[in-house]
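S.K.: Protein chains in written order, with the working numbering: chain A, 1 to 465; chain B, 1001 to 1062.
Structure provided below as structure tokens; questions to follow.
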Amino acid sequence: MTEDDLAFASIETLAPLLRDRDLSPVELTCAYLDRIDRFDPTLRSFVHVNPAVLEQARKAEAQIAAGDWRGPLHGIPIAMKDNYLTAGMPTTAGTTAAGIMFPERNSAPARRLLEAGALLIGKTRTHEFAWGTVTPPARNPWDSNRIPGGSSGGSGAAVAAGLCAAAMGSDTGGSIRIPASLCGTVGLKPTFGRVSRDGIVPHSWSLDHAGPLTRGVTDAAILLNALAGPDVADAGSSDEPVTDWTAGLDGGVRGLRVAVCRNHFFTSNQPAVSAAVEQAIAWFAAAGAVVADVTIPLLEFGLGAIFAIELASSAAYHDTSLRAGRVPAFSPDVRALVEMGRLVTGADYIKAEQFRTLLIDGFRRVFSRADIIIGPTEPVTAPQVGEAFVDIGGVQESALAATWRLTYPYNLAGLPAITVPCGFDSSGLPIGLQIAGPWFAEGVALRAAGAYEAAHDWARRRPAL
Amino acid sequence: MNGDDSALWHEIIGLDVAPERRSELLAAFESIGAEIRKLRSLDLTDVHPAIVFKPPSGPHRR
């Protein structure tokens, strides 16, 4: 296996090599560390590399040699978004504002990954307080003049560039799926409550989700196996039973009922995105799925609802900082968003929550006759660095508004949604296909995504770094 | 409310915001406010909010 092959290998490929001692966790970790040294000065995806990761790798090597193989994550280097608390590594949540500090303890996902034998290779860059889709100054591995998306932009860039085997992200309005789509990786936002957020710096309590960015669908399932489960430390955590999400991934899509929501998700997309997604829809039909167009009412009111909830929640979370005068030290965009939270009224917030009831009803009706909903993850490919407006079919649209337009409905509804690469535009930039399933039915979304991925070579392409 | 109402700004949003900053915030809020005004136009009188209060299920539960 060449160095590149090793760096871009899936966890599914690496795990048996590590288990059978054909590959050492130390060798694998050194390969990623070497690539971080070589490529991250340009990509700037990491804010901290764990000085203890080689020690963790040697320990994993000894455990495996002693016959104590813990499973497919044992000895696998995984990066954590810098809003996950971690013992032994600092957390900044992307801010340099004075007077804001976070404890050095492990968040629930970090703890669960470590218990599964994973190695924490470092912390990846987040847009400040997970409030944006640019993640400056991180860059996109497919074109370093373009943004990686956000807020988990460092995680997207690091996975796409082969700097780690997988990375954790958090998703309030799309922050796992946006960078995954723009960087050409898989990104999974599980059902709200499926993965504990204990120890993740809050952004908006009723919208925040934790999940992985990975090189493939099976890897997302492997990580979900380790991450999922109830946790009394997270008030939003669910006690829905967990399962082995890697089982049934090869079930195919024959007979699967696939809904395509033609309003909202298809009204304003770049032509290359539309073409790639329509081809994907045609593939599902040709593969034996039963594809039907649907509409979900009131989606045009979703942006106001998620703005009301996110702004109000963010202002509440940062209230002490607002009153202490620390917010002017935030980056200008995040400062404005936090301050504007004070302009949202209590009635606006409650009305947004009433709207969520109707939106959930709309999705429930679709899922009474469909197994999944598919569509584009992003209406655009990765915007240029510094591009405040993006061109969509000749119409200029705010880059922020465009980049989360197709992802936030699933945060408002709390539904599981996964993005998988489905093509490239003429500039060689990745395009993502979004697949959502019913609440706590990650398995069906993973199965559909896995079938699509296996039939195409998009996920196997590598950026020229 | 406009950028000149210092006392009103303080009373409503609980912050002392410099006049030039108020204008910047109002300008930045314009497009967001438009979306929220759309939401306000919906008649949701009979719709229960998605987030509900749930008391602890036992007298000694935290």
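Quick reminder that beta carbons are idealized off the backbone N, C-alpha and C, glycines included.
Between B/A1007 and chain A, is there a C-beta pair that is closer than 9 Å?
M.R.: Position 7 of the second sequence, counting from 1, holds the residue named residue 1007 of chain B. It does not; no Cβ of chain A falls within 9 Å.
S.K.: Would you call the segment 170-180 of chain A in contact with the segment 208-226 of chain A, where contact means no fewer than 3 C-beta pairs closer than 8 Å?
M.R.: The segment 170-180 of chain A vs the segment 208-226 of chain A: in contact.
S.K.: List, in chain order, every chain A residue whose beta-carbon is nearer than 7 Å to that of B/F1029.
M.R.: As a first step, residue 1029 of chain B must be located in the second sequence, where it is residue number 29. Those are M340 and L343, listed as they occur along chain A.
S.K.: Would you say A/G193 lies against chain B (beta-carbon separation less than 9 Å)?
M.R.: In the first sequence, residue 193 of chain A corresponds to position 193, counting from 1. No, A/G193 does not count as interfacial toward chain B.
S.K.: Near A/F192, which residues of its chain fall below 7 Å by C-beta distance, leaving aside the five closest residues on each side in sequence?
M.R.: Against the first sequence, residue 192 of chain A aligns to sequence position 192. Around A/F192: H209, G236 and G414.
S.K.: Are A/S196 and A/A98 closer than 9 Å when you measure CB to CB?
M.R.: Taking the first residue of the first sequence as 1, we reach residue 196 of chain A at position 196. Taking the first residue of the first sequence as 1, we reach residue 98 of chain A at position 98. Not closer than 9 Å, so no.
S.K.: With 16 other CB atoms within 10 Å as the buried threshold, where does A/P16 fall?
M.R.: One-based indexing of the first sequence puts residue 16 of chain A at position 16. When all chains shown are included, A/P16 counts as exposed.
S.K.: Rounded C-beta distance between A/R19 and A/I76? I'm assuming under 8 Å.
M.R.: Sequence index remark: in the first sequence, residue 19 of chain A carries index 19 (1-based). Sequence index remark: in the first sequence, residue 76 of chain A carries index 76 (1-based). That belief does not hold up - the Cβ atoms of A/R19 and A/I76 are roughly 11 Å apart, past 8 Å.
S.K.: Is A/L343 closer than 9 Å to A/L298 when the C-beta atoms are compared?
M.R.: Along the first sequence, read from residue 1 onward, the residue named residue 298 of chain A stands at position 298. Along the first sequence, read from residue 1 onward, the residue named residue 343 of chain A stands at position 343. Not in contact: A/L298 and A/L343 (Cβ atoms no closer than 9 Å).
S.K.: Residue range of the beta strand (DSSP E) that A/R254 falls in?
M.R.: To locate residue 254 of chain A, count along the first sequence from 1; it is residue 254. It is not in any beta strand (DSSP E) - A/R254 carries neither H nor E in the DSSP assignment.
S.K.: Please compile the residues from chain A whose C-beta is within a distance smaller than 8 Å of the C-beta of B/P1049.
M.R.: Here residue 1049 of chain B refers to the residue found at position 49 of the second sequence. Here the neighbours are I350, E353, Q354, R356 and T357.
S.K.: Out of A/N106, A/G248, A/P148 and A/M101, which one is the CA nearest neighbour of A/F547?
M.R.: Residue 547 of chain A falls outside the range modelled here, since chain A spans only 1 to 465, and no answer is possible.
S.K.: Indicate whether at least one CB of chain A lies closer than 9 Å to the CB of B/G1058.
M.R.: Mapped onto the second sequence, residue 1058 of chain B falls at position 58. B/G1058 does not count as touching chain A.
S.K.: Is A/F8 helix, strand or coil when you go by DSSP?
M.R.: Against the first sequence, residue 8 of chain A aligns to sequence position 8. A/F8: coil per DSSP, three-state reduction.
S.K.: When you compare only the Cα positions, how much space is there between B/S1057 and A/G229?
M.R.: As a first step, residue 1057 of chain B is located in the second sequence; it is residue number 57 there, counting from the start. As a first step, residue 229 of chain A is located in the first sequence; it is residue number 229 there, counting from the start. Rounded to whole angstroms, B/S1057 to A/G229 spans 21 Å at the Cα level.
S.K.: How big is the Cα-Cα spacing for A/P416 and A/V366?
M.R.: Here residue 416 of chain A refers to the residue found at position 416 when the first sequence is read from its first residue. Here residue 366 of chain A refers to the residue found at position 366 when the first sequence is read from its first residue. Near 14 Å, if we compare the C-alpha coordinates of A/V366 and A/P416.
S.K.: Using CA coordinates, which residue listed in A/L73, A/N140, A/H127 and A/G94 is at the minimum distance from A/A110?
M.R.: Translated into the one-based positions of the first sequence, residue 110 of chain A becomes position 110. Out of A/L73, A/N140, A/H127 and A/G94, A/L73 has the C-alpha closest to the C-alpha of A/A110.
S.K.: Roughly how many angstroms lie between the CA atoms of A/D293 and A/K189, to the nearest whole one?
M.R.: Working through the first sequence from its first residue, we reach residue 293 of chain A at position 293. Working through the first sequence from its first residue, we reach residue 189 of chain A at position 189. One C-alpha to the other measures close to 24 Å.
S.K.: Residue range of the alpha helix (DSSP H) that A/Q354 falls in?
M.R.: Start at 1 with the first residue of the first sequence, and residue 354 of chain A comes out as number 354. It spans G346 to F367 - the alpha helix (DSSP H) in which A/Q354 sits, taken as one unbroken run.
S.K.: Quick one: is the Cβ of A/D143 within less than 8 Å of any heavy atom of the ligand COA?
M.R.: The ligand COA is not part of this structure, which contains no ligands at all.
S.K.: Assuming contact is defined by CB atoms lying nearer than 9 Å, are A/G156 and A/L213 in contact in what I supplied?
M.R.: Stepping through the first sequence from its first residue, residue 156 of chain A is reached at position 156. Stepping through the first sequence from its first residue, residue 213 of chain A is reached at position 213. Taking 9 Å as the Cβ cut-off, A/G156 and A/L213 qualify as a contacting pair.
S.K.: With a floor of 3 residues, list each beta strand (DSSP E) that falls wholly inside the segment 272-338 of chain A, ordered by position along the chain.
M.R.: The segment 272-338 of chain A contains these whole beta strand (DSSP E) runs: 290-294.
S.K.: Can you list, in chain order, the residues of the segment 285-314 of chain A whose Cβ is nearer than 8 Å to any Cβ on chain D?
M.R.: No chain D appears in the structure shown, which is made up of the protein chains A and B.
S.K.: With DSSP collapsed to three states, give me the class of A/P230.
M.R.: The residue given as residue 230 of chain A occupies position 230 in the first sequence. Correct three-state label for A/P230: coil.
S.K.: Let me see if you follow: with CB-CB separation under 9 Å, is A/R469 close to chain B or not?
M.R.: This structure cannot settle anything about residue 469 of chain A, because the visible part of chain A is limited to 1 through 465.
S.K.: Out of A/Y408, A/T135 and A/M80, point me to the one whose CA is closest to A/I121's CA.
M.R.: As a first step, residue 121 of chain A must be located in the first sequence, where it is residue number 121. Closest by alpha carbon: A/M80.
S.K.: Could you check whether the Cβ of B/E1035 sits closer than 9 Å to any Cβ belonging to chain A?
M.R.: Walking along the second sequence from the start, residue 1035 of chain B turns up at place 35. By this cut-off, B/E1035 is an interface position.
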